[in-house]
Every structure is written in C-alpha cells, then in structure tokens.
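Here the structure comes first, spelled out in structure tokens, and everything after it is commentary.
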Amino acid sequence: MITRSKTGHLKPKQILNLTHQLYPQDPTSYTQAAQHEHWRSAMSQEFQALQSQGTWELVPSAPHQNVLGCKWTFRTKYNSDGSIARYKARLVALGYKQEFGLDYTETFSPVAKIPTFRILILLALHNRWPMHQLDISNAFLHGSLHETVYMKQPIGFTDATHPNHVCKLNKALYGLKQSPRQWFATLTGFLHTQGFRTSHSDPSLMIFQQTNIQIYFLIYIDDLIVTGNNKAAVQTLLSNLHNRFNTRYLGQLSQFLGITAIPQPDGLLLHQSRYATSILQRAGMTNCKPTATPITAKSHISPQISKPFFDPLLYRQLVGSLQYLTLTRPDITYAVNKACQFMHQPTDINFDAVKRILRYIKGTLNYGLPLSGNSFTLTSFVDLDWAGDQHDRKSTTGYCTFLGRSPVNWCVKKQSTIARSSTEAEYRALAAAAADLTWTRQLLQELGRPQIHPTQLFCDNTSAIALANNPVFHARTKHIEVDCHYIRECIKNKSIQVHHISTKDQLADIFTKALSIIRFRHLAHKLISPHTSSVCKGVLNQPSRPASKPD
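Counted from 1, the sequence shown has number 541 at position 541 by full-length UniProt numbering; the numbering is strictly sequential.
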C-alpha cells in the first residue's frame, strides 16, 4: 500500500523538545556556575551583600569548634510572563551539621496559611484596596544569632591573607536551623513598634486597626503583602520598612510564591500555569495527549497487583509538585491525595495514575482559581466516601469552604479510623468541616468582617445531620470519639447550621470519589476558570450546561 507519507505528500509529524530553550537548568554546583558570567556576577553581588552587613568575622580555627560547611545555590527568577527577571545566587550554611544545645536551640517559625492569603485577597477586592507586594533581600541576615556558630569560608571567595581561618557568624545566615525563627522575630518585633498586633488565627498575619485605619500585613518568610484602607498610612509603613530592612517594592500583587495573579472583570484569577508546565517537562510529558479527568471513574488502585516502580524518587518528586499545584487547582486534589497514599512504595499502576493526572493538567494548563469579592457570606460543603479504600476500608472526607462565590479552602483527607456506618463516617466529616469553619469565622472576625448569622454547612446524609442536631442513636454511636461531637457544640452556640443538600448538588462530591466525565466537568466548572492569556483552550472548555456557584 502506497501512503501519502511514503510518497512525500504528507510529511510525518515532527515533535520538538523545547525544554532547554524555555527553561534552562540552573547550576547545581559552584564549578558549573563559574563558567557563566551572569552567575559569577550574581555570586559577587551576594558576597558583597554579606560582607556589607557584617555577616561574619574571620577567626583562627580551633579543635573544639563545630565548623559547618557552606555551599552556593542558584536559581533563575522569572517574571509572571515567563521572561527572566534576574539570576539569584545564595550562600547557605550546611545547617544539618549543627548540634542541638551547642549552636542552636529553638527553631520553629510560622509561615502564612494559604487560606489566609486567599481571604486577604477577597477582602482587598471587596473594598477595592490595592495590594502591595514586597521582597527583602538577604532577609535572614537581619536576624541576630544568640549562639556561637562557625562556618568554613565560601568556595571561590577565600580570604587570601587568612586562608585557614573560619567564619564566626554574627547574623542568621540561610541554611542555619534557627535562621527563619530569628528573622520572623526581628520583623514582627519591628511591626509591633509600628502599632501592629499578631493575629490569633494566623501568627503570620499582622493587623493594624486604630480609629478609621486598617492595615493588614501578611508574611511568608521574606515575601510580604500589605493592604489597607488608608493610602497615606500604608505609604508611611512602606517607607519605614524600606528604611529598616531595605525592602524591594514589587508593585501591585502579580506573583506570590509562584502563584500568578491575573486581574479579571469581576476580581482576580490565581493560576500556576508555568509551574504546571515545569512539572510536565520534568516528567517528559510536554507532548502527551490530554485526558478529560484526572482519575478514571473505575479506579481501584491496589499496591499488591503491580510490580514496584523503577524510580520511586521521581514518583515522590512529581507527586510532591502536584501537591503544591493544588493550591490553585482544587479539581485535582482528590486524585493527588490518592497518589500520595503510595509514596512509600509506588508501583507501575500508581505511576500510571500520576501520568493520568499530568495528562489532565496538559489539557487544562490555562485554568486557575477565580476570586471575586462580591460577598462575604461563608458557606461550606462536606461529603464522604464511606469505606472507599479497597485495601483498609477507611473512608475519605472532603469539604470545600466558600466565601461568597469564591472557594477559599478545601480538604481531602483519609479518615484515621474505620467507620462502622456511613452515618458515623459522615458525622466525623462534619466535625472536621466544622473545625475549619470555626477557624475561618475567627479570622474573618479579626479582619473586621464578622459572620452575623450561623454558617451554612451542607451535607447529603440525613442520618448524620440528625445525629449532629440531636443525641440520637446513642447505642450505635457511643463509641465515636468525643472530639467528633464538636459539631454539636457549634450548632448549640449557633455558629454553624447543618442543612441537607441533594447528592446531585453536592459540590464536595469532587473531593471524595472518581467521577464520570460529565459529572466531573459540572463540578469542576464551579471551582476553576480559564484565563485568556494562554493559547490552549483546555479539555474543560467544552460546551456544558451552566453551573451555578453558591451565593
């Protein structure tokens, strides 16, 4: 048979690998970086910054010293459109060699909760406040050390007159176990002097509320967000911050923690399209065929029926990256949760499931999380898959919390105990959702948006609702843990009301089980939306009946 390919009339499709041209790999060692001028310049700038801030002093080495090593790390910083912003070199101490009680003690340091980040955006959108974004270069160096720490001189920058001396650190260099804690204490201490107080709901949220002025300050290590209702007061704060910490003003919120924020007619859309593309590149699936759902509706993954996957590290890296992608993609949360359950010993079948998630992402690269500050009414949907795990028969809890029409928090979690009935399992799920709602209500109270009326919590199990509202079925439910009865306390104090919802209208269904294509699309459209900056239209962008979101 003579085909058009053989005659030359139809040339075979040519697939090009553009990974290198799109995202060059960052150096992993000083030797690699030293071969390029821009990385040598980045290292020199970092070293000069360390020297100018008096990060260390050279002292003779002694046998009793616990001298830490150090290394250079390199990272290319990108703009929201994918273009290169700058080349960043950082000197880090090898803190894993520190000894407790000798060169470190306390290490805990909080970071901002992502739901707090989403809710703060909604507050700014609702009030039409600008959101200012700041970055602090060499932030950890502003924190002083209380312990004596020694470190080797950095490679490539050894002092010619004292080559055998070691660095006695004066500042909390990156890599030390206590560095994040010291920096956080320094920054929050300064904000306290400016009249801020620490939020009880999230220690990384600083609140200024005096007379008619409201300013909110969110901290995620050295990435900062500031918003408020008084332009002059905000500018004064920004000026004071710059004078104290030499901050770098990044303008209005556009990219935070790798999450891109795109203005929309009715709000803001958060997406991680470039990050999702990098995951596909790491897996070698940039040219894969898209699929309509992240998990097949007939999926029953079992660890016993397949041979071990040849590269467990790759599996863990991909699944860990997918976990971070769920910050703006609630539609893949259930599938990623299932993949996480086999981290210890993944099999070929498990990796096939991960590849299906990646194929789904390929077709929905331009989708993200829409946020609209049109309403501050809090609602939540909770669902359960009773005994859905074929291996241990444990149930899966799923819930999603909305502020107005915007999803602000969602969770998929396998229950730790085996439930004897669907009522018991759903009751536990109600308690978990109630705990999250209590936290969210407290945060909104601190932000000046208290919930006057009880929060509506929707569940499709009438028996669980009856158990929550009344202490019925005692003989069958007396074994349920005391903490699960927390939902009754919430109903009693009128902070939460549990209502029945039909299964077809249950939004949390997408967080508890694998669904058919039609059902999945119907629910996914209520959680995510496309942005127009991408050429790709996505497999979800197909005709379907309109989906209504909660008011």
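Glycine is no exception: its CB is placed at the ideal position from the N, C-alpha and C atoms.
Classify T161 as buried or exposed, calling it buried when 16 or more other Cβ atoms lie within 10 Å of its own Cβ. exposed
Determine the contact status of A85 and Y78, defining contact as a CB-CB distance below 8 Å. yes
Closest by C-alpha distance to T512, when choosing among I295, S201 and K152: I295
With respect to the alpha helix (DSSP H) encompassing W439, which residues constitute its N-terminal and C-terminal limits? W439 -> alpha helix (DSSP H) spans S422 to E446.
Are L378 and T116 touching if we call contact CB-CB under 8 Å? Going by C-beta atoms, L378 is not nearer than 8 Å to T116.
Assigned exposure category for G320 - 16 Cβ within 10 Å defines buried: Residue burial is scored here from C-beta neighbours: G320 has fewer than 16 other C-beta atoms within 10 angstroms and is therefore classed as exposed.
In or out: N138 buried (at least 16 other Cβ within 10 Å) or exposed? buried
What are the uninterrupted segments assigned as alpha helix (DSSP H) that are 4 or more residues long and contained completely in the region 162 to 216, given in chain order? 179 to 193
Could you give the distance in angstroms between the alpha-carbon of S179 and the alpha-carbon of S502? The alpha-carbon separation between S179 and S502 amounts to approximately 51 Å.
Rounded straight-line distance, which links the Cα of R521 to that of L314: 30 Å
Who pairs with K71 in a beta bridge, going by DSSP? Beta bridge pairing from DSSP links K71 with V92.
Straight-line Cα distance separating A93 from G175: 5 Å
Buried versus exposed, by CB contacts within 10 Å (16 or more), S83: exposed
Under 8 Å by Cβ, that's how I've got Y334 and G398 pegged, so tell me the actual separation to the nearest angstrom. 7 Å
8 Å Cβ cutoff met for K494 and P454: yes
Looking at C-beta atoms only, is the number of pairs between the region 254 to 264 and the region 148 to 160 that lie closer than 8 Å three or more? no
Does DSSP put P530 in a helix, in a strand, or in coil? Under the three-state reduction of DSSP, P530 is assigned to strand.
When the distance is taken between beta carbons, is R441 closer than 8 Å to A468? Their beta carbons are not under 8 Å apart, which means A468 does not touch R441 by this criterion.
For G143, which residues of its own chain have a beta-carbon under 6 Å away from its beta-carbon, when the five flanking residues on both sides are left out? A172, Q182, W183 and T186
Can you give me the start and stop residues for the beta strand (DSSP E) that K413 sits inside? S406 to K414 is the span of the beta strand (DSSP E), which, as asked, contains K413.
Alpha-carbon spacing of K289 relative to Q345, whole angstroms: 27 Å
Which listed residue (L125, S201 and I305) has its alpha carbon closest to that of residue 552: As shown, the chain starts at 1 and ends at 551. That puts residue 552 outside it, with no answer to give.
If we require 3 or more residues per run, which beta strand (DSSP E) segments fall completely within the region 77 to 131? 84 to 93
Once the 5 residues before and after M343 are set aside, which same chain residues still bring their CB inside 7 Å of it? R316 and V319
Are the beta-carbon atoms belonging to S422 and W386 less than 8 Å from one another? yes
Buried or exposed, going by whether 16 or more other CB atoms sit within 10 Å of the CB of Q445? exposed
Rounded to the nearest angstrom, what separates S273 and L280 at their Cα positions? One Cα belongs to S273, the other to L280, and the distance between them is close to 11 Å.
Reference D505; option with closest CA among T31, R519 and R40: R519
Span of the alpha helix (DSSP H) around C340: T333 to C340
Do N66 and E99 come within 8 Å of each other at the CB atom, strictly closer than that value? Taking 8 Å as the cut-off, the Cβ atoms of E99 and N66 count as close.
Could you pull out every residue in the same chain whose Cβ sits closer than 7 Å to the Cβ of H531, ignoring the five residues on either side in sequence? I262, L269, H271, N366 and G368.
Please look up how many angstroms separate the CB atoms of K414 and Q341, rounded, as I've assumed it's under 8 Å. 7 Å
For H242, which residues in the same chain have their Cβ closer than 8 Å to its Cβ, ignoring the five residues on either side in sequence? Y249
Strictly by DSSP, which residues pair up with L369? L270
From this set, T364, A233 and G284, which residue's C-alpha is nearest P130's C-alpha? A233
Could you give the distance in angstroms between the alpha-carbon of Y216 and the alpha-carbon of W439? 18 Å
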